[in-house]
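Quick mapping for you: the protein sequence lines, in order, are chains A and B.
All the letters of the first sequence, read from the start, carry residue numbers 1 to 403 under this note's numbering.
All the letters of the second sequence, read from the start, carry residue numbers 1001 to 1403 under this note's numbering.
We put the CB at the ideal spot given by N, CA and C, even for glycine.
2 protein chains.
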Amino acid sequence: MKTVVLKFGGTSVGSIDRIKKVCKIIAFYKKKKNRVAVVSSAMSGVTNELVNKSKSISNNFDKAEYDTLVSTGEQVSCALIAGRLKHEGFKSRSWVSWQLPIFTEGPHSSARISSIGIKELSGYIKTGGIPVITGFQGIGKDLRITTIGRSGSDATAIILAKFLKADECIIYTDVDGVYTTDPRDYKKARKIKKIFYDEMLEMASLGSKVMQPTSVQDAKLNNIDVEVKSSFVKSSGTLITGSKKSFSNQIITGISSTKNDAKITIVGVKDKPGIAASIFRPLSKNLINVDMVVQNISQNGKETDLTFTIRAEDLKKTEKLIKKNKSISYKELSFDKGLSKVSIIGVGMITTPGITYRMFKALSSKKINILVISTSEIKISVLVSAKNVKKAVAVLHKEFKLD
Amino acid sequence: MKTVVLKFGGTSVGSIDRIKKVCKIIAFYKKKKNRVAVVSSAMSGVTNELVNKSKSISNNFDKAEYDTLVSTGEQVSCALIAGRLKHEGFKSRSWVSWQLPIFTEGPHSSARISSIGIKELSGYIKTGGIPVITGFQGIGKDLRITTIGRSGSDATAIILAKFLKADECIIYTDVDGVYTTDPRDYKKARKIKKIFYDEMLEMASLGSKVMQPTSVQDAKLNNIDVEVKSSFVKSSGTLITGSKKSFSNQIITGISSTKNDAKITIVGVKDKPGIAASIFRPLSKNLINVDMVVQNISQNGKETDLTFTIRAEDLKKTEKLIKKNKSISYKELSFDKGLSKVSIIGVGMITTPGITYRMFKALSSKKINILVISTSEIKISVLVSAKNVKKAVAVLHKEFKLD
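Right, here's the structure in full:
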């Protein structure tokens, strides 16, 4: 008998009708003689409504009260799901996080789950009950309610799967899986059947909205197979796994691209130890995310050129911060907007030489100029002009046989 | 230093603006050097919205899930109030009922509070904090969330006042106190400054919407002085108390009236022991509330006439139930709609003879026909035609010097 954890996202339970449909999915797993546990997010829109209420109460709303406030969203959806399952004749009940309890560590609104009490829950599941558990939340040592950040319901499901020793964790959402590249931008994108944790981590970090990087990390650390599926259409999803069984010998698994990046070059920086830290410290303090960084070799051991990328909306703020930074001296600042980062991802590149060459050749065949390059073990990213991004994705998708 | 429990009803916290105003009221008490604890209902409308959701999920929604669902309403309002108090510089935090905990006994949706854990709470209040506690709810022995019925937030406040040994419990609501009679129906109605528990119990049972009878009973049993005030207008409210200090020597405290009663007379019932029970059993099973009952003395020891009143909307159902009741035999059934019950209430009547006479004389002076009479120690009720009810209230209000 398999144990499965089913997680439903906000749009999946976004209305009374959707909740009824979700209960049919749960019933399907139950009728196949599985042991089933359900984790649910708040109905879509509800959390935003609560957040807006907190904003109109205070522009600096207390974080502990914020968690108490927004955590009601999952309590509502879980009670409704359990109520519907009971209506349909199943044994079911809701579990609010404090009832298990789900203990968390760390600050309000961005806590992390440290343990889940499953004693009562396991017994309930064994006797055929379907528990419906509030995602996204827990309680701290002081018994106050904490939340684990947006998309935290995925983390709840994955860590619950670990504690329950579940065979599978299935994340139902509004997309039907992970694609080789964004299907809205490129028609020939294909759904990926299986993807390694590390690849998914890169995809998530590089803009794939399917899962948060931290949730992928949770799955990887706990070695939980996660399947991402749509609750709207019937089709198989994408399995995120560490297992090497029945993987295709695809070298590149996916291609991701960002929109609206900007590039800054500081020309003629006086080179001395710690200069990069001096430049980036004020940016970090102002929550500006620096992505790709390239430093030219000092030509005379005295001066260097430093190039880095940021999100375009941070450009003005970044310019100001650099200009008022007294701890650095340089000759010139140059800026470039309207850029995109295109990345190819795949564990296959570790064992396959020549991937970088094939990537650059493919891009150059379409006369696409590469502005910055950044690589990791399983990823190569290039910065190109935003006007070239579709062309770049298309040529790479074809080059690496993803079409 | 006084300890006060402030309770705010749904309309008092019905919007973000209202919550801000309520926080000004709380600040007022705090600045007067009181120790303050707050109990809040859900924002008005929110509970109904949640109830509607449960109804669209199932026409027989599970009671335990129902309580889990609707109890989120108070969690939201309490987090917002505490958040606002913090914004204004006060030390404050919300307490969800399970965090204290508030333990209840009895079935879901109509549980009663059995105990409140105040250890942490008392310390918090002593160090100047303002706790904001969810009304209307608690947890059972199984740690599942229970609710204590509509208007249960009053009960939470009153029982919290008992456990905290508070000096006063102030119920803020959308009316500014208890009136001698309904001010919408009779312009000369006056606000009552002080009223005894027993009088308030009768007023509540007889249709005054200010407080639920069970809450008045809780206050009486625990000897808690309760003040009912408006959170919308600044004015003194009504004190509900058992203390005899500084009471006026008014004989009658208030007059209440119902709308839309009906009267049924069963003529020529075969009189035998248990006949009344045989008649009323099926009505009780169908949740039809029988109010005044008059049985004529058996004229020949064999037959009797039985008259009783019910709400007019139950008339058809009652007629059907009597007609299909095989355990009784009678000659005739008669019905009368469009009736009202007018009651005078006051502990003064215990020690003052002749009140009944004065009531009947006053009514007869206006040619108002009395159909049924029912009395208790501190109340006399008469059934009159609904068209006479305003006239009856007016003449009685004047007769007993309430104008």
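Tell whether a beta-carbon distance below 8 Å holds between residue i and residue j.
i        : j        : result
L1160(B) : A1037(B) : yes
A277(A)  : L306(A)  : no
I1310(B) : T1304(B) : no
G1138(B) : S1094(B) : no
L1371(B) : K1263(B) : yes
S12(A)   : D174(A)  : yes
M1359(B) : I1380(B) : yes
G1152(B) : G1135(B) : yes
My output table needs one value for residue i: the three-state DSSP class, helix, strand or coil.
i        : result
G1045(B) : coil
L143(A)  : coil
T1181(B) : coil
A394(A)  : helix
L283(A)  : helix
F61(A)   : coil
I275(A)  : helix
A1262(B) : strand
C319(A)  : For the record, residue 319(A) in the displayed sequence is Glu; it is not Cys. Here E319(A) sits in helix by DSSP.
A37(A)   : strand
D1336(B) : strand
K7(A)    : strand
E1202(B) : helix
Y1172(B) : strand
T1104(B) : strand
K1245(B) : coil
N1297(B) : What sits at residue 1297(B) in the sequence shown is Ile, not Asn. If DSSP states are grouped into helix, strand and coil, I1297(B) belongs with coil.
Are the C-beta atoms of residue i and some chain B residue less than 8 Å apart?
i       : result
D62(A)  : yes
R184(A) : no
S18(A)  : What sits at residue 18(A) in the sequence shown is Arg, not Ser. Not closer than 8 Å to any Cβ of chain B, the Cβ of R18(A) fails to qualify, so no.
I130(A) : no
R358(A) : no
K53(A)  : yes
Q407(A) : A query on residue 407(A) cannot be resolved here, the shown segment of chain A reaching from 1 to 403 and no further.
S376(A) : no
S58(A)  : yes
Under 8 Å, Cβ to Cβ, is there at least one residue of chain A near residue i?
i        : result
T1352(B) : no
Q1099(B) : yes
G1083(B) : yes
A1079(B) : yes
V1076(B) : yes
S1109(B) : no
Taking the continuous beta strand (DSSP E) assigned at residue i, which residues delimit it?
i        : result
I1113(B) : R1112 to I1116
P1131(B) : I1130 to T1134
I1240(B) : T1238 to T1241
D1305(B) : E1303 to R1311
T1356(B) : That residue, T1356(B), is in no beta strand (DSSP E); its alpha helix (DSSP H) goes I1355 to S1365.
L1371(B) : Per DSSP, L1371(B) belongs to no beta strand (DSSP E) and is neither H nor E.
With distance defined between alpha-carbon atoms, name the residue in the options nearest to residue i.
i        : options                                   : result
K1091(B) : K1366(B), K1031(B), S1205(B) and S1364(B) : K1031(B)
V1004(B) : G1128(B), S1327(B), S1058(B) and G1117(B) : G1128(B)
A157(A)  : Y179(A), I133(A), T146(A) and D176(A)     : I133(A)
I266(A)  : A204(A), A362(A), S364(A) and F335(A)     : F335(A)
I1016(B) : K55(A), R18(A) and T351(A)                : K55(A)
N48(A)   : D67(A), D314(A) and Q250(A)               : D67(A)
G140(A)  : K126(A), K162(A), I125(A) and I116(A)     : I116(A)
L69(A)   : V46(A), A82(A) and K86(A)                 : V46(A)
A1386(B) : L1363(B), P1273(B) and N1260(B)           : N1260(B)
K162(A)  : L221(A), L333(A) and L206(A)              : L221(A)
A1189(B) : S1071(B), T1180(B), F1196(B) and Y1197(B) : T1180(B)
K366(A)  : I378(A), K316(A), M349(A) and V384(A)     : V384(A)
A312(A)  : D291(A), K209(A) and F400(A)              : D291(A)
I252(A)  : D198(A), L6(A), I130(A) and F308(A)       : D198(A)
K1405(B) : F1400(B), I1368(B), E1227(B) and I1373(B) : Lying outside 1001 to 1403, the shown extent of chain B, residue 1405(B) is not represented and no answer is given.
I1113(B) : E1088(B), A1155(B) and Q1212(B)           : A1155(B)
Please list the terminal residues of the continuous alpha helix (DSSP H) segment that includes residue i.
i        : result
L80(A)   : T72 to H87
A1157(B) : G1152 to F1163
K1193(B) : Careful: K1193(B) lies outside any alpha helix (DSSP H) and carries neither H nor E.
I125(A)  : K119 to K126
F1232(B) : Element bounds for F1232(B): n/a, residue is neither H nor E.
S1215(B) : P1213 to N1222
K20(A)   : I16 to K31
Taking only beta-carbon positions, decide if residue i is within less than 8 Å of chain C.
i        : result
E1065(B) : The question asks about chain C, but that chain is absent: this structure's protein chains are A and B.
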